[in-house]
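Visitor: Going by mature numbering (1 follows the signal peptide of the UniProt record, and there is no 0), the letters in the sequence shown line up with residues -20 to -1, 1 to 410, in that order.
Ideal placement from N, C-alpha and C gives every residue a C-beta, glycine not left out.
Predicted, not measured: the structure shown is a model, and the values here were computed from it.
This is the structure, below, for whatever I ask next.
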Amino acid sequence: MRSFSVLLLALLHWVFPAAGKTISGLFRSETARENNGQYITRFLYHGENGLMAYRLENVPLAVQKEAKLLLFQGMEGFDNLSCLERVSGAQLTIALSSEEHNETIPWQVNPKTWHVMYADRYTCQEEEIDGGMESLGFQIIMLNPDSAGNPLDHFSAEEAGLHSFYFMLILAYFVATCIYVQPLWQALNKGGPMHTVLKVLSTALLLQGLSVLFNYIHMARYARDGVGAPLMGNLAELCDMVAQVQMLYMLLSLCMGWTLSRGRKSQSKLLQWDSSPASTALALGGVITQGALLIWEQFEDTEHHSYHAHRSLAGLLLMALRVALALVLASVLYQIISVERSTLKRDFYLSFAKGCFLWFLCHPTLVFLSVIFNEHQKEKILTIGVILCQSISVVILYRLFLSRSLYWEVSSLSSVTLPLTMSRGPRGHY
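Right, here's the structure in full:
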(Lines of atoms letter the chains of each structure in order from A and count residues from 1; the text may use other names and numbers.)
(Lines give C-alpha, C1' and ligand atoms only; values in the text may rest on other atoms or scores of the structure.)
Protein backbone atom coordinates (compact mmCIF):
# COMPACT_ATOMS: atom_id res chain seq x y z
CA MET A 1 0.00 0.00 0.00
CA ARG A 2 2.86 2.33 0.86
CA SER A 3 4.59 1.69 -2.47
CA PHE A 4 1.31 2.33 -4.30
CA SER A 5 0.93 5.69 -2.54
CA VAL A 6 4.48 6.68 -3.45
CA LEU A 7 3.85 5.67 -7.07
CA LEU A 8 0.61 7.68 -7.17
CA LEU A 9 2.30 10.81 -5.82
CA ALA A 10 5.14 10.43 -8.31
CA LEU A 11 2.62 10.08 -11.14
CA LEU A 12 0.81 13.24 -10.02
CA HIS A 13 4.11 15.10 -9.94
CA TRP A 14 4.91 13.92 -13.48
CA VAL A 15 1.48 14.71 -14.90
CA PHE A 16 1.26 18.17 -13.29
CA PRO A 17 4.79 19.61 -13.09
CA ALA A 18 5.18 22.80 -11.07
CA ALA A 19 7.90 25.43 -11.21
CA GLY A 20 9.25 27.71 -8.52
CA LYS A 21 11.46 30.81 -8.65
CA THR A 22 14.41 29.07 -7.11
CA ILE A 23 15.39 27.13 -10.20
CA SER A 24 17.94 24.34 -10.29
CA GLY A 25 18.98 22.54 -13.44
CA LEU A 26 21.53 22.27 -16.23
CA PHE A 27 22.73 24.77 -18.81
CA ARG A 28 23.01 22.72 -22.01
CA SER A 29 24.96 23.97 -25.01
CA GLU A 30 23.06 21.60 -27.31
CA THR A 31 19.70 23.01 -26.23
CA ALA A 32 20.94 26.59 -26.53
CA ARG A 33 22.27 25.90 -30.02
CA GLU A 34 19.09 24.21 -31.24
CA ASN A 35 16.80 26.97 -29.95
CA ASN A 36 19.02 30.04 -30.39
CA GLY A 37 19.31 30.22 -26.62
CA GLN A 38 18.10 28.00 -23.77
CA TYR A 39 15.00 29.51 -22.16
CA ILE A 40 15.22 29.27 -18.37
CA THR A 41 12.33 31.13 -16.74
CA ARG A 42 10.41 34.40 -16.36
CA PHE A 43 9.81 36.66 -13.37
CA LEU A 44 7.81 39.84 -12.77
CA TYR A 45 10.01 42.32 -10.94
CA HIS A 46 8.62 45.47 -9.33
CA GLY A 47 10.12 48.58 -7.78
CA GLU A 48 13.81 48.79 -7.07
CA ASN A 49 16.33 46.42 -5.50
CA GLY A 50 15.05 43.39 -7.38
CA LEU A 51 17.71 40.69 -7.35
CA MET A 52 18.77 37.70 -9.42
CA ALA A 53 21.44 35.46 -7.89
CA TYR A 54 23.09 32.42 -9.44
CA ARG A 55 25.38 29.61 -8.33
CA LEU A 56 27.51 27.51 -10.69
CA GLU A 57 29.00 24.07 -10.17
CA ASN A 58 31.84 24.23 -12.74
CA VAL A 59 33.22 27.74 -13.15
CA PRO A 60 36.25 26.82 -15.35
CA LEU A 61 33.96 25.10 -17.85
CA ALA A 62 31.65 28.13 -17.87
CA VAL A 63 34.59 30.45 -18.54
CA GLN A 64 35.86 28.19 -21.32
CA LYS A 65 32.39 28.18 -22.92
CA GLU A 66 32.01 31.96 -22.48
CA ALA A 67 28.69 31.18 -20.82
CA LYS A 68 26.28 34.01 -20.05
CA LEU A 69 22.73 34.77 -19.01
CA LEU A 70 20.60 37.02 -21.20
CA LEU A 71 17.72 38.99 -19.68
CA PHE A 72 14.94 40.40 -21.86
CA GLN A 73 11.98 42.57 -20.90
CA GLY A 74 9.77 41.75 -23.86
CA MET A 75 9.35 38.73 -26.11
CA GLU A 76 7.27 40.33 -28.87
CA GLY A 77 8.64 39.26 -32.24
CA PHE A 78 11.35 37.30 -30.47
CA ASP A 79 10.89 34.18 -32.59
CA ASN A 80 11.61 36.19 -35.75
CA LEU A 81 15.05 37.33 -34.55
CA SER A 82 18.21 35.63 -35.66
CA CYS A 83 20.54 34.06 -33.12
CA LEU A 84 22.97 36.99 -33.17
CA GLU A 85 20.12 39.50 -32.87
CA ARG A 86 18.85 37.69 -29.80
CA VAL A 87 22.22 37.60 -28.11
CA SER A 88 23.01 41.23 -28.86
CA GLY A 89 19.49 42.48 -28.06
CA ALA A 90 19.41 41.50 -24.39
CA GLN A 91 18.71 44.32 -21.93
CA LEU A 92 21.07 42.69 -19.42
CA THR A 93 23.96 40.31 -20.04
CA ILE A 94 25.52 38.49 -17.09
CA ALA A 95 28.79 36.65 -17.69
CA LEU A 96 28.96 33.35 -15.80
CA SER A 97 32.53 33.79 -14.59
CA SER A 98 32.24 33.17 -10.84
CA GLU A 99 30.78 30.55 -8.56
CA GLU A 100 28.22 32.97 -7.14
CA HIS A 101 26.95 36.33 -8.30
CA ASN A 102 24.16 38.76 -7.35
CA GLU A 103 22.73 41.01 -10.06
CA THR A 104 20.51 43.96 -9.16
CA ILE A 105 17.63 44.52 -11.57
CA PRO A 106 17.23 48.13 -12.77
CA TRP A 107 14.49 50.17 -11.09
CA GLN A 108 11.15 50.24 -12.93
CA VAL A 109 8.02 52.30 -12.38
CA ASN A 110 5.57 49.48 -13.17
CA PRO A 111 6.08 45.72 -12.70
CA LYS A 112 7.63 44.16 -15.78
CA THR A 113 8.37 40.62 -16.85
CA TRP A 114 12.02 39.66 -17.28
CA HIS A 115 12.80 36.55 -19.33
CA VAL A 116 16.03 34.67 -18.65
CA MET A 117 17.94 32.73 -21.32
CA TYR A 118 21.27 30.94 -21.42
CA ALA A 119 23.80 31.27 -24.26
CA ASP A 120 27.47 30.51 -24.80
CA ARG A 121 30.10 30.61 -27.54
CA TYR A 122 28.51 27.63 -29.31
CA THR A 123 24.95 28.99 -29.42
CA CYS A 124 25.26 30.85 -32.73
CA GLN A 125 28.07 28.74 -34.17
CA GLU A 126 27.18 27.04 -37.44
CA GLU A 127 30.12 24.65 -37.66
CA GLU A 128 30.17 21.27 -35.98
CA ILE A 129 31.24 21.39 -32.34
CA ASP A 130 34.23 19.33 -31.22
CA GLY A 131 33.95 18.69 -27.49
CA GLY A 132 33.06 21.34 -24.95
CA MET A 133 29.42 20.19 -24.75
CA GLU A 134 29.37 19.17 -21.09
CA SER A 135 26.43 20.62 -19.19
CA LEU A 136 26.69 23.17 -16.38
CA GLY A 137 24.82 22.66 -13.12
CA PHE A 138 23.22 25.84 -11.78
CA GLN A 139 20.81 27.37 -9.30
CA ILE A 140 19.06 30.70 -9.90
CA ILE A 141 17.21 32.63 -7.19
CA MET A 142 14.93 35.52 -8.17
CA LEU A 143 13.79 37.98 -5.50
CA ASN A 144 11.58 41.04 -5.33
CA PRO A 145 11.95 43.74 -2.65
CA ASP A 146 9.83 43.25 0.45
CA SER A 147 7.92 46.00 2.27
CA ALA A 148 11.21 47.28 3.75
CA GLY A 149 12.89 47.40 0.33
CA ASN A 150 15.14 44.39 0.96
CA PRO A 151 15.35 41.74 -1.81
CA LEU A 152 13.84 38.89 0.21
CA ASP A 153 10.47 38.26 -1.47
CA HIS A 154 10.33 35.11 -3.61
CA PHE A 155 6.93 36.00 -5.06
CA SER A 156 6.65 37.42 -8.54
CA ALA A 157 4.60 40.61 -8.81
CA GLU A 158 1.70 38.62 -10.31
CA GLU A 159 1.61 36.38 -7.22
CA ALA A 160 1.97 39.06 -4.56
CA GLY A 161 -0.91 38.98 -2.10
CA LEU A 162 -2.23 35.51 -3.02
CA HIS A 163 -0.58 33.99 0.05
CA SER A 164 -2.59 36.31 2.33
CA PHE A 165 -5.75 35.72 0.29
CA TYR A 166 -5.52 31.95 0.76
CA PHE A 167 -4.95 32.42 4.49
CA MET A 168 -8.05 34.62 4.82
CA LEU A 169 -10.04 32.11 2.76
CA ILE A 170 -8.98 29.23 5.02
CA LEU A 171 -10.04 31.30 8.01
CA ALA A 172 -13.43 31.97 6.38
CA TYR A 173 -13.88 28.26 5.61
CA PHE A 174 -13.03 27.37 9.21
CA VAL A 175 -15.51 29.85 10.68
CA ALA A 176 -18.26 28.78 8.24
CA THR A 177 -17.59 25.11 9.06
CA CYS A 178 -17.91 25.74 12.79
CA ILE A 179 -21.24 27.52 12.26
CA TYR A 180 -22.92 25.35 9.63
CA VAL A 181 -21.45 21.85 9.96
CA GLN A 182 -24.02 20.66 12.52
CA PRO A 183 -27.21 21.71 10.66
CA LEU A 184 -25.74 20.46 7.39
CA TRP A 185 -24.84 17.13 8.96
CA GLN A 186 -28.37 16.82 10.32
CA ALA A 187 -29.83 17.57 6.88
CA LEU A 188 -27.62 14.90 5.30
CA ASN A 189 -28.50 12.33 7.94
CA LYS A 190 -32.23 12.87 7.43
CA GLY A 191 -31.93 11.64 3.86
CA GLY A 192 -34.81 12.53 1.62
CA PRO A 193 -35.06 13.39 -2.08
CA MET A 194 -32.54 16.23 -1.83
CA HIS A 195 -29.95 14.02 -0.15
CA THR A 196 -27.86 13.27 -3.26
CA VAL A 197 -27.77 16.91 -4.36
CA LEU A 198 -26.57 18.01 -0.94
CA LYS A 199 -23.90 15.29 -0.93
CA VAL A 200 -22.59 16.45 -4.31
CA LEU A 201 -22.55 20.09 -3.20
CA SER A 202 -20.84 19.17 0.07
CA THR A 203 -18.20 17.13 -1.74
CA ALA A 204 -17.55 19.96 -4.22
CA LEU A 205 -17.22 22.44 -1.35
CA LEU A 206 -14.87 20.08 0.49
CA LEU A 207 -12.71 19.74 -2.63
CA GLN A 208 -12.62 23.53 -3.01
CA GLY A 209 -11.55 23.85 0.62
CA LEU A 210 -8.81 21.24 0.15
CA SER A 211 -7.62 23.07 -2.97
CA VAL A 212 -7.34 26.31 -0.98
CA LEU A 213 -5.50 24.53 1.85
CA PHE A 214 -3.03 22.84 -0.50
CA ASN A 215 -2.39 26.15 -2.28
CA TYR A 216 -1.74 27.85 1.05
CA ILE A 217 0.74 25.15 2.11
CA HIS A 218 2.51 25.45 -1.24
CA MET A 219 2.74 29.24 -1.02
CA ALA A 220 3.79 29.23 2.64
CA ARG A 221 6.77 27.06 1.68
CA TYR A 222 7.32 29.11 -1.47
CA ALA A 223 7.62 32.29 0.59
CA ARG A 224 10.59 30.76 2.41
CA ASP A 225 12.58 29.08 -0.34
CA GLY A 226 11.11 30.08 -3.73
CA VAL A 227 10.35 26.44 -4.54
CA GLY A 228 7.44 25.68 -2.26
CA ALA A 229 5.76 22.28 -2.13
CA PRO A 230 5.06 21.51 -5.81
CA LEU A 231 3.13 18.37 -4.89
CA MET A 232 0.73 20.49 -2.81
CA GLY A 233 0.21 22.81 -5.78
CA ASN A 234 -0.45 19.82 -8.01
CA LEU A 235 -2.93 18.34 -5.54
CA ALA A 236 -4.69 21.73 -5.34
CA GLU A 237 -5.18 21.70 -9.11
CA LEU A 238 -6.35 18.09 -8.99
CA CYS A 239 -8.96 18.86 -6.30
CA ASP A 240 -10.21 21.82 -8.31
CA MET A 241 -10.47 19.71 -11.47
CA VAL A 242 -12.50 17.02 -9.68
CA ALA A 243 -14.79 19.68 -8.18
CA GLN A 244 -15.32 21.23 -11.63
CA VAL A 245 -16.21 17.86 -13.17
CA GLN A 246 -18.49 16.90 -10.29
CA MET A 247 -20.43 20.16 -10.38
CA LEU A 248 -20.77 19.93 -14.15
CA TYR A 249 -22.25 16.45 -13.91
CA MET A 250 -24.72 17.50 -11.22
CA LEU A 251 -25.91 20.67 -12.97
CA LEU A 252 -26.24 18.99 -16.36
CA SER A 253 -27.99 15.98 -14.84
CA LEU A 254 -30.52 18.16 -13.06
CA CYS A 255 -31.36 20.28 -16.10
CA MET A 256 -31.42 17.40 -18.57
CA GLY A 257 -33.47 15.32 -16.14
CA TRP A 258 -36.06 18.04 -15.76
CA THR A 259 -36.27 18.61 -19.51
CA LEU A 260 -36.50 14.95 -20.46
CA SER A 261 -39.06 14.35 -17.74
CA ARG A 262 -41.40 17.00 -19.14
CA GLY A 263 -41.95 15.00 -22.30
CA ARG A 264 -43.07 11.79 -20.64
CA LYS A 265 -44.25 12.58 -17.11
CA SER A 266 -47.52 13.90 -15.90
CA GLN A 267 -47.80 17.52 -14.85
CA SER A 268 -47.55 16.52 -11.19
CA LYS A 269 -44.15 14.90 -11.70
CA LEU A 270 -42.28 17.39 -13.81
CA LEU A 271 -39.27 17.38 -11.51
CA GLN A 272 -38.82 13.64 -11.38
CA TRP A 273 -35.71 12.16 -12.96
CA ASP A 274 -35.21 8.42 -13.07
CA SER A 275 -31.69 8.43 -14.51
CA SER A 276 -32.70 7.84 -18.11
CA PRO A 277 -30.01 6.75 -20.60
CA ALA A 278 -30.40 9.98 -22.58
CA SER A 279 -29.90 12.33 -19.63
CA THR A 280 -27.00 10.25 -18.29
CA ALA A 281 -25.33 10.18 -21.71
CA LEU A 282 -25.62 13.97 -22.08
CA ALA A 283 -24.18 14.59 -18.63
CA LEU A 284 -21.33 12.10 -19.09
CA GLY A 285 -20.51 13.56 -22.51
CA GLY A 286 -20.06 17.02 -21.01
CA VAL A 287 -18.02 15.63 -18.11
CA ILE A 288 -15.66 13.62 -20.33
CA THR A 289 -15.12 16.56 -22.68
CA GLN A 290 -14.34 19.00 -19.87
CA GLY A 291 -12.11 16.49 -18.08
CA ALA A 292 -10.08 15.85 -21.24
CA LEU A 293 -9.64 19.58 -21.87
CA LEU A 294 -8.59 20.21 -18.26
CA ILE A 295 -5.89 17.54 -18.47
CA TRP A 296 -4.75 18.79 -21.89
CA GLU A 297 -4.47 22.31 -20.50
CA GLN A 298 -2.24 21.08 -17.66
CA PHE A 299 0.14 19.52 -20.18
CA GLU A 300 0.32 22.71 -22.26
CA ASP A 301 0.82 25.11 -19.33
CA THR A 302 3.34 23.49 -17.00
CA GLU A 303 3.61 26.38 -14.54
CA HIS A 304 1.43 25.96 -11.49
CA HIS A 305 -1.74 28.05 -11.69
CA SER A 306 -5.06 27.30 -10.03
CA TYR A 307 -6.83 29.16 -12.83
CA HIS A 308 -5.17 29.63 -16.18
CA ALA A 309 -5.38 32.67 -18.43
CA HIS A 310 -6.24 30.38 -21.37
CA ARG A 311 -3.43 31.34 -23.72
CA SER A 312 -3.26 27.76 -25.05
CA LEU A 313 -5.59 26.03 -27.51
CA ALA A 314 -6.85 23.68 -24.80
CA GLY A 315 -7.62 26.65 -22.57
CA LEU A 316 -9.55 28.44 -25.30
CA LEU A 317 -11.56 25.29 -26.05
CA LEU A 318 -12.29 24.87 -22.35
CA MET A 319 -13.52 28.44 -22.11
CA ALA A 320 -15.71 27.94 -25.20
CA LEU A 321 -17.11 24.74 -23.67
CA ARG A 322 -18.11 26.57 -20.49
CA VAL A 323 -19.87 29.27 -22.48
CA ALA A 324 -21.63 26.62 -24.58
CA LEU A 325 -22.75 24.75 -21.47
CA ALA A 326 -24.10 27.98 -19.98
CA LEU A 327 -26.07 28.59 -23.18
CA VAL A 328 -27.45 25.03 -23.13
CA LEU A 329 -28.54 25.40 -19.52
CA ALA A 330 -30.04 28.82 -20.28
CA SER A 331 -32.07 27.31 -23.13
CA VAL A 332 -33.24 24.41 -20.97
CA LEU A 333 -34.25 26.61 -18.05
CA TYR A 334 -35.93 29.14 -20.34
CA GLN A 335 -38.11 26.41 -21.83
CA ILE A 336 -39.11 25.30 -18.35
CA ILE A 337 -39.72 28.78 -16.94
CA SER A 338 -41.65 30.03 -19.99
CA VAL A 339 -44.42 27.46 -19.48
CA GLU A 340 -44.38 27.44 -15.69
CA ARG A 341 -47.38 29.09 -14.06
CA SER A 342 -46.39 28.75 -10.42
CA THR A 343 -44.52 31.78 -9.09
CA LEU A 344 -42.74 29.63 -6.50
CA LYS A 345 -41.51 27.24 -9.16
CA ARG A 346 -40.30 30.09 -11.38
CA ASP A 347 -38.41 31.58 -8.44
CA PHE A 348 -36.86 28.20 -7.77
CA TYR A 349 -35.67 27.81 -11.37
CA LEU A 350 -34.42 31.41 -11.52
CA SER A 351 -32.33 30.93 -8.38
CA PHE A 352 -30.99 27.68 -9.79
CA ALA A 353 -30.11 29.49 -13.03
CA LYS A 354 -28.16 32.15 -11.11
CA GLY A 355 -26.06 29.49 -9.43
CA CYS A 356 -25.43 27.69 -12.74
CA PHE A 357 -24.46 30.79 -14.71
CA LEU A 358 -22.20 32.08 -11.95
CA TRP A 359 -20.39 28.73 -11.84
CA PHE A 360 -19.91 28.36 -15.60
CA LEU A 361 -19.47 31.97 -16.76
CA CYS A 362 -17.30 33.49 -14.03
CA HIS A 363 -14.04 32.14 -15.46
CA PRO A 364 -14.66 33.06 -19.14
CA THR A 365 -15.97 36.48 -18.09
CA LEU A 366 -12.94 37.22 -15.91
CA VAL A 367 -10.56 36.05 -18.65
CA PHE A 368 -12.32 38.41 -21.08
CA LEU A 369 -12.21 41.34 -18.63
CA SER A 370 -8.58 40.68 -17.68
CA VAL A 371 -7.39 42.15 -21.00
CA ILE A 372 -7.96 45.65 -19.60
CA PHE A 373 -5.69 45.01 -16.60
CA ASN A 374 -1.92 45.07 -16.37
CA GLU A 375 0.02 41.84 -16.71
CA HIS A 376 0.86 41.60 -13.02
CA GLN A 377 -2.82 41.95 -12.05
CA LYS A 378 -4.32 39.28 -14.31
CA GLU A 379 -3.46 36.14 -12.34
CA LYS A 380 -4.62 37.64 -9.05
CA ILE A 381 -7.90 38.81 -10.59
CA LEU A 382 -8.52 35.39 -12.16
CA THR A 383 -7.64 33.42 -9.04
CA ILE A 384 -9.46 35.57 -6.49
CA GLY A 385 -12.43 36.24 -8.77
CA VAL A 386 -13.07 32.62 -9.78
CA ILE A 387 -12.71 31.26 -6.25
CA LEU A 388 -15.10 33.85 -4.81
CA CYS A 389 -17.66 33.53 -7.64
CA GLN A 390 -17.75 29.74 -7.51
CA SER A 391 -17.99 29.80 -3.72
CA ILE A 392 -20.96 32.17 -4.00
CA SER A 393 -22.48 29.84 -6.61
CA VAL A 394 -22.26 26.88 -4.22
CA VAL A 395 -23.80 28.98 -1.42
CA ILE A 396 -26.71 29.96 -3.70
CA LEU A 397 -27.36 26.31 -4.56
CA TYR A 398 -27.01 25.28 -0.92
CA ARG A 399 -29.57 27.85 0.19
CA LEU A 400 -31.88 26.79 -2.62
CA PHE A 401 -31.86 23.10 -1.78
CA LEU A 402 -31.86 23.60 1.98
CA SER A 403 -34.80 25.99 1.83
CA ARG A 404 -37.41 23.48 2.92
CA SER A 405 -40.48 25.63 2.51
CA LEU A 406 -39.69 26.58 -1.08
CA TYR A 407 -38.25 23.23 -2.08
CA TRP A 408 -41.11 21.24 -0.59
CA GLU A 409 -43.60 23.53 -2.33
CA VAL A 410 -41.82 23.24 -5.67
CA SER A 411 -41.24 19.51 -5.70
CA SER A 412 -44.26 18.21 -3.77
CA LEU A 413 -42.02 15.98 -1.68
CA SER A 414 -44.91 13.94 -0.39
CA SER A 415 -45.43 12.30 -3.77
CA VAL A 416 -42.60 13.12 -6.16
CA THR A 417 -38.93 12.15 -6.23
CA LEU A 418 -36.39 14.83 -7.01
CA PRO A 419 -33.69 15.06 -9.66
CA LEU A 420 -30.44 13.24 -8.99
CA THR A 421 -31.98 10.68 -6.64
CA MET A 422 -30.86 8.05 -9.18
CA SER A 423 -33.92 6.00 -8.37
CA ARG A 424 -35.82 4.02 -10.98
CA GLY A 425 -38.47 2.74 -8.63
CA PRO A 426 -41.12 4.47 -6.50
CA ARG A 427 -39.93 6.20 -3.34
CA GLY A 428 -41.60 6.41 0.03
CA HIS A 429 -42.94 9.56 1.64
CA TYR A 430 -40.70 11.94 3.58
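#1: Return the CA-CA distance between L338 and T345, expressed in angstroms with no decimal places.
#2: For T84, list the residues DSSP reports as bridge partners.
#3: Could you say which of M32, A70, V89 lies nearest to N82 if we only look at CA atoms?
#4: For E355 and H26, I'd like the C-alpha separation in whole angstroms.
#5: I'd like to check one pair, V366 with H343: are the Cβ atoms closer than 8 Å?
#6: Which residues in the same chain have their Cβ closer than 8 Å to the Cβ of V222, if we skip the five residues on either side of it in sequence?
#7: Looking at the structure shown, is Y160 part of a helix, part of a strand, or coil, going by DSSP?
#8: By the 10 Å Cβ neighbour count, where 16 or more other Cβ atoms means buried, how is S385 classified, buried or exposed?
#9: Starting from K1, trace the beta strand (DSSP E) in both directions and tell me its first and last residue.
#10: By a C-beta neighbour count over all protein chains shown, 10 Å radius and 16 as the cutoff for buried, is Q270 buried or exposed?
#11: Given that a residue counts as buried once 16 or more other Cβ atoms are within 10 Å of its Cβ, and exposed if not, what is Y314?
#12: Counting only the same chain and skipping the five closest in sequence on each side, list residues whose C-beta sits under 6 Å from that of C336.
#13: Provide the residue span of the alpha helix (DSSP H) that contains G117, from first to last.
#14: Is the beta carbon of L24 less than 8 Å from the beta carbon of E138?
#15: Around the C-beta of A167, are 16 or more other C-beta atoms found within 10 angstroms, so that it is buried, or is it exposed?
#16: How far does the alpha helix (DSSP H) with T363 in it reach, from first residue to last?
#17: Can you tell me the Cβ-Cβ gap for Q226 and V155, rounded? I've got them flagged as a contact below 8 Å.
#18: Can you name the residues that DSSP bridges to V312?
#19: Specify, as a first and last residue, the run of the beta strand (DSSP E) that I74 falls within.
#20: Let's test the definition: count the other Cβ atoms within 10 Å of the Cβ of A184 and tell me whether it reaches 16, buried, or not, exposed.
#21: Touch check for the segment 125 to 133 and the segment 12 to 23: three-plus C-beta pairs under 8 Å?
#22: Alpha helix (DSSP H) containing D205: first to last residue?
#23: Could you give the DSSP three-state label for V319: helix, strand or coil?
#24: Using the Cα positions of D100 and E114, report the straight-line distance between them to the nearest angstrom.
#25: Just to confirm before moving on: does the CB-CB distance between T73 and L50 stay below 8 Å?
#26: L193 to M55, Cα distance in whole Å?
#27: Could you give the C-beta distance for E277 and L298, rounded to a whole number, given that I count them as a contact under 8 Å?
#28: So what's L61 in DSSP terms, helix, strand or just coil?
#29: Hey, would you say P163 sits closer than 8 Å to G30, going by beta carbons?
#30: So, Q119 versus Y34, is the Cβ gap smaller than 8 Å?
#31: DSSP beta-bridge partners for Q18?
#32: On the three-state DSSP scale, how would you describe F348?
#33: Applying the criterion that 16 or more other CB atoms from any shown protein chain within 10 Å of the CB defines a buried residue, is D59 buried or exposed?
#34: For G141, collect the residues of the same chain with a Cβ closer than 8 Å to its Cβ; drop the 5 residues on either side in sequence, then sort them by chain order.
#35: By Cβ distance below 6 Å, which residues in the same chain neighbour R66 in space, the five residues on each side in sequence not counted?
#36: For V177 and W165, I'd like the C-alpha separation in whole angstroms.
Guide: Let's see:
#1: In the sequence shown, counting from the first residue as 1, residue 338 sits at position 358. In the sequence shown, counting from the first residue as 1, residue 345 sits at position 365. Rounded to whole angstroms, L338 to T345 spans 10 Å at the Cα level.
#2: As a working note, residue 84 is residue 104 in the sequence shown. Note: T84 sits in a beta bridge opposite L31.
#3: Position 102 of the sequence shown, counted from the start, is the residue given in the question as residue 82. Nearest option by C-alpha distance: M32.
#4: Position 375 of the sequence shown, counted from the start, is the residue given in the question as residue 355. Position 46 of the sequence shown, counted from the start, is the residue given in the question as residue 26. Counting only the Cα atoms, H26 lies some 12 Å from E355.
#5: Within the sequence shown, residue 343 is the residue found at index 363, counting from 1. Within the sequence shown, residue 366 is the residue found at index 386, counting from 1. The answer is yes: Cβ separation under 8 Å.
#6: In the sequence shown, residue 222 corresponds to position 242, counting from 1. Closer than 8 Å at the Cβ level, and outside the excluded window around V222, lie L187.
#7: Position 180 of the sequence shown holds residue 160. In this structure, DSSP gives Y160 a helical state, which the three-state scheme calls helix.
#8: Taking the first residue of the sequence shown as position 1, residue 385 is located at position 405. Its pLDDT being 39, under 50, S385 is placed unreliably by the model, and the measurement read from it follows with that caveat. Residue environment: S385 is assigned as exposed (fewer than 16 neighbouring CB atoms within 10 Å of its CB, all protein chains considered).
#9: In the sequence shown, residue 1 corresponds to position 21, counting from 1. It is not in any beta strand (DSSP E) - K1 carries neither H nor E in the DSSP assignment.
#10: Counted from its first residue, the sequence shown places residue 270 at position 290. Buried.
#11: Residue mapping note: residue 314 aligns to position 334 of the sequence shown, counting from 1. By the neighbour-count rule (16 or more Cβ atoms within 10 Å), Y314 is not buried but exposed.
#12: Here residue 336 refers to the residue found at position 356 of the sequence shown. Close CB contacts of C336 within its chain, under the 6 Å cut and outside five residues either way in sequence, are with L231, L309 (chain order).
#13: The residue given as residue 117 occupies position 137 in the sequence shown. Note, G117: premise wrong, no alpha helix (DSSP H); beta strand (DSSP E) at 116 to 125.
#14: Counted from its first residue, the sequence shown places residue 24 at position 44. Counted from its first residue, the sequence shown places residue 138 at position 158. Remark: C-beta atoms of L24 and E138 approach each other more closely than 8 Å.
#15: Numbered from its first residue, the sequence shown carries residue 167 at position 187. Per the 10 Å Cβ criterion, buried.
#16: Along the sequence shown, read from residue 1 onward, the residue named residue 363 stands at position 383. First-last of the alpha helix (DSSP H) with T363: 355 to 382.
#17: Here the question's residue 226 lines up with position 246 in the sequence shown. Here the question's residue 155 lines up with position 175 in the sequence shown. With a Cβ gap of about 24 Å, Q226 and V155 do not count as contacting.
#18: Against the sequence shown, residue 312 aligns to sequence position 332. V312 pairs with nothing; no bridge assigned.
#19: Within the sequence shown, residue 74 is the residue found at index 94, counting from 1. For I74, the uninterrupted beta strand (DSSP E) segment begins and ends at 72 to 75.
#20: By one-based count along the sequence shown, residue 184 stands at place 204. Buried is the call here.
#21: No: the two stretches stay apart, fewer than three of their Cβ pairs being nearer than 8 Å.
#22: Sequence index remark: in the sequence shown, residue 205 carries index 225 (1-based). From DSSP, the alpha helix (DSSP H) with D205 extends over 175 to 205.
#23: The residue you call residue 319 lines up with position 339 of the sequence shown. Annotated three-state conformation of V319 is coil, per DSSP.
#24: Walking along the sequence shown from the start, residue 100 turns up at place 120. Walking along the sequence shown from the start, residue 114 turns up at place 134. Across the structure, D100 and E114 are spaced so that their CA atoms are roughly 12 Å apart.
#25: As a working mapping, residue 73 is identified with position 93 in the sequence shown. As a working mapping, residue 50 is identified with position 70 in the sequence shown. Contact: yes.
#26: By 1-based counting over the sequence shown, the position of residue 193 is 213. By 1-based counting over the sequence shown, the position of residue 55 is 75. Each residue's Cα considered, the two are about 35 Å apart.
#27: Within the sequence shown, numbered from 1, the residue matching residue 277 stands at position 297. Within the sequence shown, numbered from 1, the residue matching residue 298 stands at position 318. Indeed they touch by this definition, with Cβ atoms about 6 Å apart.
#28: Stepping through the sequence shown from its first residue, residue 61 is reached at position 81. Coil, per DSSP.
#29: For the purposes of this step, residue 163 is taken as residue 183 along the sequence shown, with counting starting at 1. For the purposes of this step, residue 30 is taken as residue 50 along the sequence shown, with counting starting at 1. It is not a contact, given that the beta carbons lie outside the stated cut-off.
#30: On the sequence shown, residue 119 is found 139 positions in, with the first residue counted as 1. On the sequence shown, residue 34 is found 54 positions in, with the first residue counted as 1. In this structure, Y34 lies closer than 8 Å to Q119 by Cβ.
#31: Walking along the sequence shown from the start, residue 18 turns up at place 38. Answer by DSSP bridge pairing, in chain order: Y98.
#32: Sequence index remark: in the sequence shown, residue 348 carries index 368 (1-based). In the three-state DSSP reduction, F348 falls in the helix class (H, G or I).
#33: Here the question's residue 59 lines up with position 79 in the sequence shown. Exposed is the call here.
#34: If you number the sequence shown from 1, residue 141 lands on position 161. Closer than 8 Å at Cβ, skipping near neighbours: K360.
#35: Indexing the sequence shown from 1 puts residue 66 at position 86. Scanning its chain for C-beta atoms nearer than 6 Å, with the 5 sequence neighbours on each side dropped, one finds around R66 the residues N16, G17, in chain order.
#36: Locating residue 177 in the sequence shown gives position 197, counting from the first residue. Locating residue 165 in the sequence shown gives position 185, counting from the first residue. Answer to the nearest angstrom: the Cα atoms are 14 Å apart.
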